[in-house]
Every structure is written in C-alpha cells, then in structure tokens.
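Novice:
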Amino acid sequence: MLNFDYQKEPLRDILFLDVKSFYATVECAARDLDPLTTMLVVMSTTDNTGKGLILASSPMAKAKLGISNVTRANHLPKHPDLLQVPPRMNLYIQENKKFNALLKEYVAEEDHLIYSIDESLIDVTDSMKLFFPDTGLSRSEKRQRFAQRIQEEAKEKLGLVLSVGIGDNPLLAKLALDNGAKHSPIFQAQWRYGDIPETVWRIPHMQDFWGIGSSMEKNFYRLGIDSIYQLAHTDSELLYQRFGIMGQQHYYHANGIDRTRLSEAAPIAKEKSYGNSQVLPKNYTQAREIEVVLGEMAEQVAARIRRHGCLTQCVSLFIGGAMGEKNGFSHQMKIPATDNTKKLKAYCLFLFRKYYKGQVVRHIGVSYSRLLFTQSRQLSLFQSPEENEAEEHLDQVIDRIREKYGFTAIIHATSKLAGARSIARSHLVAGHNGGAQGGLDGL
DNA sequence: TCTGGGGTCCTAGGACCC
DNA sequence: TCTGGGGTCCTAGGACCC
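The numbering of the first sequence is our numbering, which starts it at 108 and goes up by one.
(1) Taking the beta carbon of Arg250 as the centre, do at least 16 other beta carbons fall within 10 Å, making it buried, or is it exposed?
(2) If I'm right that Phe327 touches Met313 with Cβ under 8 Å, what's the distance once you round it to whole angstroms?
(3) Beta-carbon separation of Val422 and Tyr475 under 8 Å?
(4) Applying the criterion that 16 or more other CB atoms from any shown protein chain within 10 Å of the CB defines a buried residue, is Met146 buried or exposed?
(5) Would DSSP call His340 helix, strand or coil?
(6) Taking the alpha-carbon positions, what's the Trp298 to Cys455 distance?
(7) Is Asp230 helix, strand or coil by DSSP?
(8) Among the residues of its own chain, which have a CB less than 6 Å from the CB of Pro193, if the five just before and after it don't count?
(9) Among Ala170, Ile174, Met167, which one has its Cα closest to the Cα of Ile161?
(10) Run through DSSP, which three-state label would Gln503 get?
(11) Applying the criterion that 16 or more other CB atoms from any shown protein chain within 10 Å of the CB defines a buried residue, is His357 buried or exposed?
(12) Can you list, in chain order, the residues of its chain with a C-beta nearer than 6 Å to that of Glu116? Leave out the 5 residues immediately preceding and following it.
(13) Along the chain, where does the beta strand (DSSP E) containing Ile364 start, and where does it finish?
(14) How about Lys379 and Leu478: do their beta carbons lie closer than 8 Å?
(15) Using the beta-carbon count (16 or more within 10 Å), is Val177 buried or exposed?
(16) Beta-carbon within less than 6 Å of Arg532's beta-carbon, same chain only, minus the 5 sequence neighbours each way: which residues are those?
(17) For the beta strand (DSSP E) holding Lys389, just list the boundary residues, first then last.
(18) Among residues of its own chain, excluding the 5 on either side of Tyr113, which ones have a beta-carbon nearer than 6 Å to its beta-carbon?
(19) Could you please give the first and the last residue of the uninterrupted alpha helix (DSSP H) stretch that includes Asp120?
(20) In this structure, does DSSP put Phe350 in helix, strand or coil?
(21) Any idea if Phe238 is buried or exposed, counting beta-carbon neighbours within 10 angstroms, 16 or more meaning buried?
(22) Alpha carbon to alpha carbon, how far is Thr242 from Lys236? Give it in angstroms, no decimals.
(23) Can you tell me where the beta strand (DSSP E) holding Val214 begins and where it ends?
(24) Restricting to Cα atoms, I'd like to know which of Leu228, Asp315, Val268 is closest to Thr367.
(25) Restricting to Cα atoms, I'd like to know which of Gly266, Ser165, Leu172 is closest to Leu209.
(26) Report the start-end ranges of each alpha helix (DSSP H) in the segment 408-452 that is 4 residues or longer and not cut off at the edges.
(27) Is DSSP giving Asn540 helix, strand or coil here?
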C-alpha cells in the first residue's frame with residue numbers, strides 16, 4: 108500500500124556516482140597494474156596503534172580474500188600476491204579534482220554536488236535534453252545511456268570504474284547506488300518512484316538504509332519495526348513523538364520521499380569548522396605531556412584556518428579517557444574572532460585546565476568553528492595594533508616556511524619533549540599519510 | 001572485537017531577557 | 001515574591017556519514 112501520491116513528487120534525473128575502490132584504483136594505476144585483476148590494499152599505519160587500518164581494497168582483494176574496509180590489519184589474510192601499500196592522500200585529492208572536472212563537462216556548476224572524496228551527485232534533468240535529444244528512447248533508457256557514457260569516459264580518461272545509482276530524486280539515487288549498483292554487473296541501478304515496493308522496501312537490513320545506524324536500528328526494534336517496509340507504514344505522528352523531526356525524516360525517506368532540488372540546495376556551503384583529533388599511542392597521565400600535544404594541535408589547526416583565510420570565533424576541546432572509562436569531556440568557548448596561534452593555544456589550554464580532573468587521557472581533539480571567511484581582522488581591545496601585527500607576521504612566516512619545507516622545518520622546543528606528537532604526525536592528511544606531494548595537513 | 005580521523009546535524013536543558 | 005510564558009542563545013552530547 109502506498110502512502111504518497113508520487114505523481115506530485117518532484118521528478119528529476121539524478122545520477123549518484125561512486126568511484127569503485129577509489130584509493131586502491133589510483134594506486135594500481137600509478138603502478139601500471141590492472142585495478143580489476145590486482146589484489147591490493149591501501150593500509151594506513153599511523154604510529155598510534157602500530158596496527159593499521161584498511162582504507163581501501165581492490166575488487167579482486169575483496170572477492171578472493173574477503174577483505175572489507177573494516178578489516179583490521181592484524182586480520183589481513185596472508186597471500187603472496189596481495190600488495191599492501193601506504194596511502195597517499197594528496198595524490199587522491201588530485202585525482203578527485205580530475206574526476207569532478209570530468210563531471211563538469213556534463214552539468215552546470217549548480218547541478219553538481221561533491222558528496223565525498225569518491226562520491227558525487229549530478230542532476231542531469233536539463234543536460235539530458237542536450238546530450239540525448241529526442242531519439243525515441245524512454246526517459247529511463249536515456250538515463251542509463253547517460254550514466255554509461257560517463258562511466259566509459261571515466262574509464263578511458265582516468266582509468267576509474269564508476270558505480271552509478273540512478274533515481275527520480277537524490278535519495279533514490281543514493282539508495283540505488285548503495286543497494287543496487289555496487290552489486291550489478293554493469294555497476295548501474297535505477298530506482299524510480301514506481302519501484303519503491305520492490306526496491307526501497309526490500310532493503311534487507313535497516314542499517315543499509317541511508318541515515319540509520321546501529322542506534323536508530325535498536326530504537327526501531329523496540330517499537331517493533333524491523334524493516335524499511337514497516338518503517339514506511341508506521342504512523343508518522345508516533346515517529347515524530349518518539350524521535351522528533353529525525354523520526355519524521357526517516358518516515359519520509361522510507362517512503363522514498365526527498366524533495367531536495369540540487370540547484371537550490373544550500374549554496375555549496377563553506378566549511379563550518381576545522382579540527383584535528385588523534386588517538387594517542389599510549390595512555391597519557393601527565394598533565395604536562397597532554398598539554399604539549401594539545402599545544403601542537405591548537406597550532407596545527409590554527410595554521411589550517413589561516414591557510415583557508417578565515418578566523419574562528421569558537422574553540423572546542425575534546426578529551427577522551429582511557430578505554431572503557433567514561434570520564435572524557437568536551438567543552439567549547441566563544442572567543443573574539445582570531446587566527447592567532449598564541450591566542451588559540453591559550454584558549455585551548457584554558458579549557459583543558461578548567462575541566463581536567465587528572466584522569467588518564469587517550470584521545471584529544473581540537474576544533475575551531477564559527478568561522479569568518481574574511482580578510483579583515485578585528486583588533487583586540489586589549490592589545491596594541493603593533494603587537495597584533497607582529498604576531499600575525501610571525502604566524503605567516505612560520506606558515507610559509509612550513510608550506511615550502513614541511514612542518515618539521517620549524518618546530519617548538521616542546522615538540523622534542525617526551526609525549527609530543529607533531530613531528531610524528533607532520534606528514535598526515537586527514538589523519539593518513541599524504542605521500543610525497545607536499546605536506547598540507549587537511550583537505 | 002576494541003581506540004582512525006574529519007566532518008555535519010539534531011536535541012535537551014540551562015541561562016537570560018522581556 | 002512566590003514558580004507566568006514566550007523567545008533566543010548557548011553548550012554538551014549523541015548519532016551518523018565517508
């Protein structure tokens with residue numbers, strides 16, 4: 108039984124594209140290996156745990172050895188032909204730019220949304236008329252041809268294999284991608300409003316549905332809901348009472364409803380926050396040691412916001428305790444807009460000293476939000492303009508030297524202290540090895 | 001089984017104002 | 001003086017995604 112009149116829902120031609128085994132494919136291409144027949148895994152081994160995490164595996168490694176992206180390095184099957192390579196995040200960022208440039212040949216800027224480093228979605232409703240003028244093909248066939256054309260071009264020009272979810276709206280395209288295209292022989296699946304009973308409602312596990320994780324799955328079980336079909340047929344008022352607007356959202360999604368218009372979706376918003384976090388290689392018990400790491404992180408994130416040309420007005424600190432302990436905390440404070448390292452470091456330390464109660468620490472995070480993307484600075488009332496300029500100048504000089512010669516070109520004496528982390532982490536991009544392409548620490 | 005890292009969004013509850 | 005009531009802003013924490 109249908110709950111909605113789908114005739115009244117927006118009908119767009121959406122393609123949700125995913126680069127298959129992106130990192131692994133790039134690594135194969137860089138070695139002149141066939142990404143479809145080579146067994147290769149990209150393994151991140153930061154020194155935190157010494158164990159490493161599989162970030163990506165080639166299709167053959169998945170098929171023959173059963174490796175998935177949640178496999179831990181210590182459970183990696185041994186096989187003489189299995190290549191293990193470290194990540195090169197900077198290289199992947201370059202390849203991602205090429206991929207998105209290719210998509211721009213097919214759609215206008217506003218009809219393209221970058222979803223992640225290996226996923227993009229495009230609204231081809233308008234450009235389909237251009238690329239596939241009236242040829243007697245049905246709308247569904249045109250979409251498939253369109254998707255195929257992009258798949259072929261990506262393969263030919265960039266050596267990338269794409270999975271494409273096709274849908275009447277972005278949600279259906281995403282669900283088709285995750286639950287259909289990735290397992291299809293041609294790496295395509297199309298889900299339309301009329302297919303919802305046979306597709307959306309038959310997704311076998313609730314967690315395979317976009318937006319439902321383990322926690323919501325349990326919540327739904329408790330209400331006796333154990334399938335997307337049931338969710339779609341639960342009283343939306345009840346869901347609203349129990350779970351607020353998220354509950355209602357799940358109800359709409361379970362019915363395949365998504366009224367997002369890509370070109371009207373928020374003007375590709377700038378980042379709302381920049382942050383770094385790390386699990387420490389061991390438990391830290393000395394406040395002094397923790398403060399050294401915290402200072403380093405405060406500084407690195409400060410350099411990041413400067414590189415992006417913005418000021419922060421809110422500093423957040425996260426402290427996670429040792430495993431099994433629930434004594435971590437997170438606190439934030441509003442501050443006058445700044446990108447000044449010395450000040451930001453002081454705010455972070457202030458937060459830490461205010462709330463730290465001597466517990467064992469294993470996880471630290473620093474993030475700056477309420478960003479102001481502007482060139483103009485607000486001068487502090489309590490600091491002379493000259494003093495301010497001098498510090499700013501120093502920060503810029505340090506940033507430039509680091510961009511040119513790497514993070515370790517200039518370091519604080521404290522970074523040589525026991526427990527310091529910045530030297531070990533200087534080559535990381537999004538927490539993983541950046542490779543040889545330069546040492547910027549963020550995306 | 002056991003700590004990856006970088007993000008976003010939502011909610012409840014408290015503070016404060018009129 | 002005796003718990004109004006509406007509104008806004010802020011914070012901590014949870015949940016989810018790639």
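Every residue, glycine too, gets a C-beta built ideally from N, C-alpha and C.
Specialist: In this structure, then:
(1) Here residue 250 refers to the residue found at position 143 of the first sequence. Within 10 angstroms of the beta-carbon of Arg250 lie 16 or more other beta-carbons, which makes it buried.
(2) Mapped onto the first sequence, residue 327 falls at position 220. Mapped onto the first sequence, residue 313 falls at position 206. Indeed, because the Cβ distance is near 6 Å, the residues count as touching under 8 Å.
(3) Mapped onto the first sequence, residue 422 falls at position 315. Mapped onto the first sequence, residue 475 falls at position 368. It is a contact, given that the beta carbons lie within the stated cut-off.
(4) Position 39 of the first sequence, counted from the first residue, corresponds to residue 146. Flag for Met146 reads buried.
(5) If you number the first sequence from 1, residue 340 lands on position 233. Three-state DSSP puts His340 in coil, outside helix and strand.
(6) Mapped onto the first sequence, residue 298 falls at position 191. Mapped onto the first sequence, residue 455 falls at position 348. Spanning the two alpha carbons is a distance of roughly 48 Å.
(7) For the purposes of this step, residue 230 is taken as the residue at position 123 of the first sequence. Asp230: strand per DSSP, three-state reduction.
(8) For the purposes of this step, residue 193 is identified with residue 86 of the first sequence, where counting begins at 1. Same-chain partners within the cutoff: Asn540.
(9) Numbered from its first residue, the first sequence carries residue 161 at position 54. The option with the nearest alpha carbon to Ile161 is Ile174.
(10) For the purposes of this step, residue 503 is identified with residue 396 of the first sequence, where counting begins at 1. Note: Gln503 maps to helix in three-state DSSP.
(11) Position 250 of the first sequence holds residue 357. His357 comes out buried.
(12) Numbered from its first residue, the first sequence carries residue 116 at position 9. Excluding sequence neighbours, Glu116 sits near nothing in its chain.
(13) On the first sequence, residue 364 is found 257 positions in, with the first residue counted as 1. Careful: Ile364 lies outside any beta strand (DSSP E) and carries neither H nor E.
(14) Numbered from its first residue, the first sequence carries residue 379 at position 272. Numbered from its first residue, the first sequence carries residue 478 at position 371. Result yes, Cβ atoms of Lys379 and Leu478 sit closer than 8 Å.
(15) Against the first sequence, residue 177 aligns to sequence position 70. Exposed is the call here.
(16) In the first sequence, counting from the first residue as 1, residue 532 sits at position 425. Excluding sequence neighbours, Arg532 sits near nothing in its chain.
(17) Here residue 389 refers to the residue found at position 282 when the first sequence is read from its first residue. DSSP places Lys389 inside the beta strand (DSSP E), whose first and last residues are 380-391.
(18) Residue numbering aside, residue 113 sits at position 6 when the first sequence is read from its first letter. Closer than 6 Å at Cβ, skipping near neighbours: Tyr300.
(19) Position 13 of the first sequence, counted from the start, is the residue given in the question as residue 120. From DSSP, Asp120 is part of no alpha helix (DSSP H); its letter is neither H nor E.
(20) Sequence index remark: in the first sequence, residue 350 carries index 243 (1-based). Correct three-state label for Phe350: helix.
(21) Residue numbering aside, residue 238 sits at position 131 when the first sequence is read from its first letter. With fewer than 16 other Cβ atoms within 10 Å, it is exposed.
(22) As a first step, residue 236 must be located in the first sequence, where it is residue number 129. As a first step, residue 242 must be located in the first sequence, where it is residue number 135. Answer to the nearest angstrom: the Cα atoms are 10 Å apart.
(23) Position 107 of the first sequence holds residue 214. From DSSP, Val214 is part of no beta strand (DSSP E); its letter is neither H nor E.
(24) Walking along the first sequence from the start, residue 367 turns up at place 260. Measuring from the Cα of Thr367, the nearest candidate turns out to be Leu228.
(25) What you label residue 209 is simply residue 102 of the first sequence in a count that begins at 1. When each option's Cα is compared against that of Leu209, the closest is Gly266.
(26) None, since the segment 408-452 contains no complete alpha helix (DSSP H) of that length.
(27) Position 433 of the first sequence holds residue 540. Strand, per DSSP.
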